[in-house]
Amino acid sequence: MRWRNLSLGVSSLTMLVLAACGGGGGGGGGGGDTDWLFPLWVPTDLAIVDVDGDGRDDVLTLAQFAASQSQREGRLIVHLQTSPGSFTVAQTAIVGEYPWKFAVADIDGDGAVDVAVVDAAGSRGVWVLLQDRGNRGRLLAAREVASGVGADDVSLGDLNGDGAPDLAVADRAGNSGRLTLLYQDVAQRGSFLPAVAMPVPGIATTGVAVGDVDGDGRTDLVMTVALVPDNYTPNSVIGISLQQPDGTPGPVATMAPQHGLNVARMTVTDYDGDGRNDVFAYFTPSSTYYQAKLMVLLQGPVPGQLSEPVDTPMQDLKGIDDAVIADLDGDRRPDAAVVGFFPVGSPSVVHARLNRFTQSGAGAFALVSSSDLAVNASRVTAGDVDGDGRNEIVVLGPEDRFVVLD
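Counting in our numbering, the sequence shown runs from 26 upward without gaps.
Next up, the structure:
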């Protein structure tokens with residue numbers, strides 16, 4: 026694999042690097058009328074994190090790779106930054122059949138980051154990949170810690186106060202109205218106790234995030250709870266569960282009802298710099314009758330009680346598949362970047378676009394720029410890739426191609 030610089034030619038964004046892992050892997054589908062589709066990559070998630078502990082941030086990408094209609098596997102790829110702005114594929118780990126989201130943290134307490142992945146197909150399981158203690162930067166084989174979950178999202182955090190990260194998994198299996206919790210076995214770090222179903226007042230959970238919502242030093246749960254749909258149109262609410270002093274999750278309080286929208290990302294962080302965490306959710310439309318939006322629930326005067334939602338509508342905006350909340354302008358307050366691809370014209374040509382937002386006060390955001398991309402990106406994250414103290418935006422497209430934008 027070789028690295029090359031590209032020019033977007035459409036904005037002041039600077040392309041730092043393009044990673045391409047090819048579409049290889051071939052494999053026939055037996056001459057069917059869909060053979061032309063394969064090999065096919067479906068990118069699903071990415072993260073910026075120092076995997077090998079060398080002080081430089083690396084990039085993790087997640088995708089389904091289909092060699093044919095019947096040959097599909099999940100691929101978690103580790104791109105190590107070997108020198109400033111240069112990456113190499115250090116490892117491709119096979120994870121499930123259709124890995125959808127992942128979360129990154131030091132699960133087993135050895136000082137190195139590990140990965141938890143949820144699979145939307147196959148066994149519909151939850152997988153954990155621990156780092157090889159004797160080989161920093163390399164993950165051990167994926168190990169399934171739960172199955173039959175129907176997982177849409179996953180977060181890592183200390184959910185019971187024992188000092189070890191646990192797993193919270195958004196669960197839509199069987200319309201059961203639950204969030205699945207996997208508590209770590211502190212006697213055997215890296216292992217998990219049997220899954221616990223946490224009841225929620227709906228038919229499923231579709232998104233989950235963790236963070237200290239009420240400022241008591243304990244990790245709380247934020248989730249999107251799916252309600253009975255209106256025909257085929259989704260309905261949902263945001264649910265908050267505060268961790269109790271004994272380490273158990275408190276009752277789920279619901280707020281901010283949604284109609285016709287699907288949650289794509291959830292984040293718990295401080296919007297306005299008052300030292301108290303707020304709740305962010307990015308929603309994509311279920312059809313052209315609805316519009317994407319970014320929603321913020323600000324912390325109210327009583328700890329743990331959130332205000333009415335503040336919406337930033339994205340009417341007529343193109344490129345709305347995914348969003349990231351991060352400080353993008355250096356003022357130490359979270360901004361937003363939204364990315365996605367879309368057809369233009371007839372016969373259609375696929376375009377991709379990055380939309381950047383900055384805070385406009387009181388929980389709202391204002392559009393700063395919209396820039397076309399050279400890669401048909403559908404996933405986005407942000408982090409300080411080049412070590413200059415400012416966050417860069419990273420977008421992920423097909424064939425495991427990621428682009429770092431300054």
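Where is the CB? At the ideal position from N, CA and C, for every residue including glycine.
Close CB contacts of Ala362 within its chain, under the 8 Å cut and outside five residues either way in sequence, are with Ala348, Val349, Ala351, Leu353, Leu379, Asn380, Arg381, Phe382, Val405, Ala407, Ile418 (chain order).
Contact check for Ala222 against Arg203 passes: the beta carbons are separated by less than 8 Å. Annotation: the continuous beta strand (DSSP E) that includes Pro338 extends over 335-338. Under the criterion of beta carbons closer than 8 Å, Leu421 and Pro68 qualify as touching, at roughly 5 Å. Under the three-state reduction of DSSP output, Asp60 falls in the helix class. Contact fails between the region 292-301 and the region 260-280, because fewer than three Cβ pairs, one in each stretch, are under 8 Å apart. Between the alpha carbons of Gly182 and Pro372 lies a distance of about 47 Å. Annotation for Arg381: the continuous beta strand (DSSP E) segment containing it runs 374-386.
Taking each of Pro124, His284, Val179 in turn and checking the Cα distance to Ala167, the smallest one comes out for Pro124. Leu207 and Thr231 have their C-alpha atoms roughly 17 Å apart. Of the other Cβ atoms in all chains shown, 16 or more fall within 10 Å of the Cβ of Asn287; this residue is therefore buried. Counting along the chain, the unbroken beta strand (DSSP E) around Tyr307 starts and ends at 303-310. Here Asp210 has Ser216, Phe217, Leu218 as same chain residues with Cβ atoms under 7 Å from its own Cβ, once five neighbours each way along the sequence are excluded. By the 16-neighbour rule on beta-carbons within 10 angstroms, His104 is buried. Looking at Arg301, Val428, Asp411, the one whose alpha-carbon comes closest to that of Ser403 is Val428. Ranked by Cα distance from Ser148, the options Asp135, Val129, Val170, Gly412 are led by Val170. Counted as a single uninterrupted DSSP element, the stretch harbouring Arg81 is not any beta strand (DSSP E), since DSSP gives it neither H nor E. Distance from the CA of Val277 to the CA of Asn260, rounded to the nearest whole angstrom, comes to 17 Å. Residues Arg100, Leu101, Ile102, Val103, Leu154, Leu164, Ala166, Ala167 of the same chain have their beta carbon placed closer than 8 Å to that of Ala118, with the five preceding and five following residues left out of the count.
Per DSSP, reduced to three states, the secondary structure at Pro328 is coil, with no helix or strand assignment. Check the Cα spacing between Val225 and each of Gln156, Thr205, Asp241: the tightest is with Thr205.
Taking 8 Å as the upper bound for CB-CB distance, Val143 and Val179 are in contact here, some 5 Å apart.
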